[in-house]
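Structure, as structure tokens:
In the working numbering, the protein residues as written are 1 to 158.
Given below as structure tokens:
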């Protein structure tokens, strides 16, 4: 993966958290992992198809989502499994939809799928993943970009 492929993901993620939470976030340097990365309590997954295949996903701890739901929902909203699952799916969807604008129609995205820790991962993950650690308040979550490396650079440059 090249810098021009990952920069839109970083920019959109930073902008999302800045706009929604009014708090600063930190994106640590990316880490390359082989195979599926570690999953936290909730994971929102978007499959990619078209000229670029793979997936992106955000995995976050439950406590982070409980704090975030108070900001994006109302303070009385129930912090149950269903609402936390909806929230991680929505965050993933917003990020992938905004990135899609940068890449155009060759970057097709699916409806978000959500999984919890301990559940099987519902999509096949390409062998090479770029993991972006994101710090919000005292929480750490991960944005994982998993493109089929043989296709990504050429397809997204065209």
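Virtual Cβ for every residue (Gly too), placed ideally from N, Cα, C. Everything numeric in this text was worked out from a predicted model, so none of it was measured.
Outcome for residue i when other beta-carbon atoms lying within 10 angstroms are tallied against a minimum of 16
| i | result |
| --- | --- |
| residue 129 | buried |
| residue 81 | exposed |
| residue 104 | exposed |
| residue 72 | exposed |
| residue 32 | exposed |
| residue 20 | exposed |
| residue 162 | Absent from the structure is residue 162, since the part of the chain shown begins at 1 and ends at 158. |
| residue 117 | exposed |
Residue i at chain D interface by Cβ criterion, 7 Å
| i | result |
| --- | --- |
| residue 19 | Of the chains in the structure shown, none is chain D; there is only one protein chain. |
DSSP three-state assignment for residue i, whether helix, strand or coil
| i | result |
| --- | --- |
| residue 105 | helix |
| residue 89 | helix |
| residue 5 | helix |
| residue 129 | strand |
| residue 116 | strand |
| residue 110 | coil |
| residue 43 | strand |
| residue 140 | strand |
| residue 37 | coil |
Residue i to residue j span [Cα, whole Å]
| i | j | result |
| --- | --- | --- |
| residue 140 | residue 115 | 18 Å |
| residue 144 | residue 35 | 11 Å |
| residue 142 | residue 123 | 17 Å |
| residue 79 | residue 51 | 38 Å |
| residue 64 | residue 9 | 20 Å |
| residue 83 | residue 89 | 10 Å |
| residue 17 | residue 11 | 10 Å |
Those residues which DSSP pairs with residue i across a bridge
| i | result |
| --- | --- |
| residue 29 | Looking at the DSSP assignment, residue 29 forms no beta bridge with any residue, so it has no partner. |
| residue 57 | 45, 144 |
| residue 50 | 107 |
| residue 134 | 27, 141 |
Between the region 4-23 and the region 108-116, do at least 3 Cβ pairs fall closer than 8 Å?
-> no
Contact the region 24-34 vs the region 88-96: 3+ CB pairs below 8 Å = no
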